[in-house]
Each structure stands twice: as C-alpha cells, then as structure tokens.
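Take 59 as the starting number for the sequence shown in my numbering and just add one per residue.
A short worksheet on the structure shown next.
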Amino acid sequence: MTQITLALSKGRIFEETLPLLAAAGIVPSESPESSRKLIIGTNRPEVRLIIVRASDVPTYVQHGAADLGIAGKDVLIEHGGEGVYQPVDLNIAKCRMMVATPVGFDYQAAVRRGARLRVATKYVNTARLHFAEKGVHVDLIKLYGSMELAPLVGLADVIVDLVSTGGTLKANNLV
59 MTQITLALSK GRIFEETLPL LAAAGIVPSE SPESSRKLII GTNRPEVRLI IVRASDVPTY
119 VQHGAADLGI AGKDVLIEHG GEGVYQPVDL NIAKCRMMVA TPVGFDYQAA VRRGARLRVA
179 TKYVNTARLH FAEKGVHVDL IKLYGSMELA PLVGLADVIV DLVSTGGTLK ANNLV
C-alpha cells in the first residue's frame with residue numbers, strides 16, 4: 059500500500075485544515091498541539107501527517123519527504139516556488155501582508171525624498187520585490203518574530219509583516 063505524507067505546521071493553519079481533512083474522511087490519531095510526535099497517523103492507514111515548521115513545508119514537498127503540504131501563500135512566495143505547485147487556495151488562515159510604520163512617521167514624505175528606509179521583516183524576498191516595484195530604497199533586516207518591536211527600539215523605520223486583525227500593530231502604536 060502506498061502511503062501519502064501530508065506536511066503541516068502547528069497552529070492556525072493546522073486548526074483550520076482539520077475540518078477540510080475531516081470532510082475528506084481523514085482524522086488525525088492525535089493532536090499535534092498536545093503531542094510531541096512529529097509523525098502522526100490518521101484513521102486512514104494510507105495517510106500520515108508530518109508536523110514541520112511552516113517555512114519548511116515547501117522544502118519537504120520539493121525534496122519528496124512529503125507528497126503534499128499545506129502552507130500560507132507567504133511561505134510559498136518566500137520559498138520561491140521552485141519544485142512546488144500550488145493547485146488550490148484553501149481559503150484558510152486569512153491575513154494580509156502589510157507595511158506598517160510608527161504613528162507619526164511620514165512614510166510618503168520619506169519615499170518622496172528618496173530616503174533609504176530600514177525595513178524589518180521575516181519576509182525578505184516578498185519585501186524586496188514589493189519595494190523594488192515601488193522604487194523605494196530599503197535596507198532589509200531579517201527578523202524571526204516580534205517585528206513590531208523593531209521601530210520602537212530604533213532598529214527599523216518600518217516593518218513588513220502578516221496582519222490578521224491589526225490588534226498587535228495598534229497596541230504598539232503602528233499603522
């Protein structure tokens with residue numbers, strides 16, 4: 059029997075994928091949120107789940123360690139798409155990529171005068187493309203979390219990050 063391996067990451071995408079898997083008759087044998095196992099069986103012996111870091115999902119698929127993967131579009135763009143095909147948008151984990159600045163920072167004026175902006179982001183490739191298309195000069199600073207802190211402590215002028223509700227931006231005086 060051929061086994062299908064599906065790469066997923068813990069968190070929001072996994073939780074929002076569960077109903078889709080259930081609709082396909084696939085139920086994990088245990089929750090990755092409460093288990094430390096990285097390979098999880100399902101009620102279907104021919105399907106198993108591997109739990110990986112979100113940014114690693116395309117790599118596992120590209121190199122054949124997983125047959126399929128579910129990841130956000132941000133992950134696919136950062137990966138570069140090499141060896142990965144996106145057959146369908148599952149319409150889960152909705153959010154938007156956003157350029158955010160401290161309240162009172164005149165981003166448009168800085169861009170007009172040709173200022174070189176320091177941009178903190180986890181999404182370096184996406185940010186590079188965005189600012190290049192806009193003709194904005196930037197120095198990119200790769201961070202892995204807490205983007206909102208960067209402008210507050212003077213590390214960056216602006217950030218590029220994923221935003222769902224905007225609550226964290228607002229709480230840290232960013233717009």
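Note that the Cβ used here is the ideal one computed from N, Cα and C, for glycine as well.
Quick check on residue i: buried or exposed, where buried means 16 or more other Cβ atoms within 10 Å of its Cβ?
| i | result |
| --- | --- |
| V146 | exposed |
| G223 | One detail in the question is off: residue 223 reads as Thr in this sequence, not Gly. That one is exposed. |
| S87 | exposed |
| T159 | buried |
| V12 | Nothing can be reported for residue 12, as the shown portion of the chain is limited to 59 through 233. |
With DSSP run on the structure shown, which of helix, strand or coil describes residue i?
| i | result |
| --- | --- |
| A82 | coil |
| I108 | strand |
| A151 | coil |
| A190 | helix |
| I160 | Per the sequence presented here, residue 160 reads as Pro, with Ile not at that position. Three-state DSSP puts P160 in a strand. |
| K228 | helix |
| L210 | helix |
Which residue comes first and which comes last in the beta strand (DSSP E) that contains residue i?
| i | result |
| --- | --- |
| D132 | No beta strand (DSSP E) holds D132; the alpha helix (DSSP H) holding it covers K131 to H137. |
Compare the Cα-Cα distances from residue i to each of the options and report the closest residue.
| i | options | result |
| --- | --- | --- |
| Y181 | K192, L213 and I217 | I217 |
| N101 | F72, R94, L134 and G83 | G83 |
In terms of residues, what are the limits of the alpha helix (DSSP H) holding residue i?
| i | result |
| --- | --- |
| T223 | That residue, T223, is in no alpha helix (DSSP H); it is neither H nor E in DSSP. |
| T100 | Here T100 belongs to no alpha helix (DSSP H), and DSSP marks it neither H nor E. |
| A124 | Premise fails: A124 is in no alpha helix (DSSP H) and is neither H nor E. |
May I ask you to verify whether the segment 103–123 touches the segment 146–161, counting CB pairs closer than 8 Å and requiring at least 3? no
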